[in-house]
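Numbering (my numbering), first residue to last: 288 to 393.
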């Protein structure tokens, strides 16, 4: 009976240790998710405030590398669009100035 009690006790200890490791891994996963979400939230807030040069530079867990890459690529493309719009506005303004000058000359 003593041997059986020792075997069951050892089994339960191993089971508890295994459960503890799983719970620690789950807690770490949740922590990594919260870090990724907070980093994205901060970057989006900066973009909403007008900072189009913001990028995700934080060291995130490997499972978030694709998200980080996609966010940075999207931010880069958005910045390129804004630069192109500003350049087009300069061309339009120049054309308007020429038109106004031609109108004045008439």
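In this text, a Cβ means the ideal position worked out from N, Cα and C, and glycines have one as well.
It should be emphasised that the depicted structure is a prediction, and the values quoted were computed from it without experimental measurement.
Worksheet item: Distance, Cα to Cα, residue 310 vs residue 325?
Response: The sequence position of residue 310 within the chain shown is 23, counting from 1. The sequence position of residue 325 within the chain shown is 38, counting from 1. The alpha-carbon atoms of residue 310 and residue 325 are separated by roughly 22 Å.
Worksheet entry | Rounded C-alpha distance that separates residue 376 from residue 340 | Taking the chain shown and counting its residues from 1, one reaches residue 376 at position 89. Taking the chain shown and counting its residues from 1, one reaches residue 340 at position 53. Per the coordinates, the alpha-carbon of residue 376 lies some 20 Å from the alpha-carbon of residue 340.
Item to complete: In the DSSP assignment, find the alpha helix (DSSP H) that holds residue 346 and state where it starts and stops.
Response: For the purposes of this step, residue 346 is identified with residue 59 of the chain shown, where counting begins at 1. It is not in any alpha helix (DSSP H) - residue 346 carries neither H nor E in the DSSP assignment.
Discussion item. Please state the DSSP three-state secondary structure of residue 339.
Written reply: On the chain shown, residue 339 is found 52 positions in, with the first residue counted as 1. Three-state result, residue 339: coil.
Worksheet entry | Endpoints, alpha helix (DSSP H) assigned at residue 358 | Position 71 of the chain shown holds residue 358. Taken as a continuous stretch (DSSP letters only), the alpha helix (DSSP H) holding residue 358 covers 352-392.
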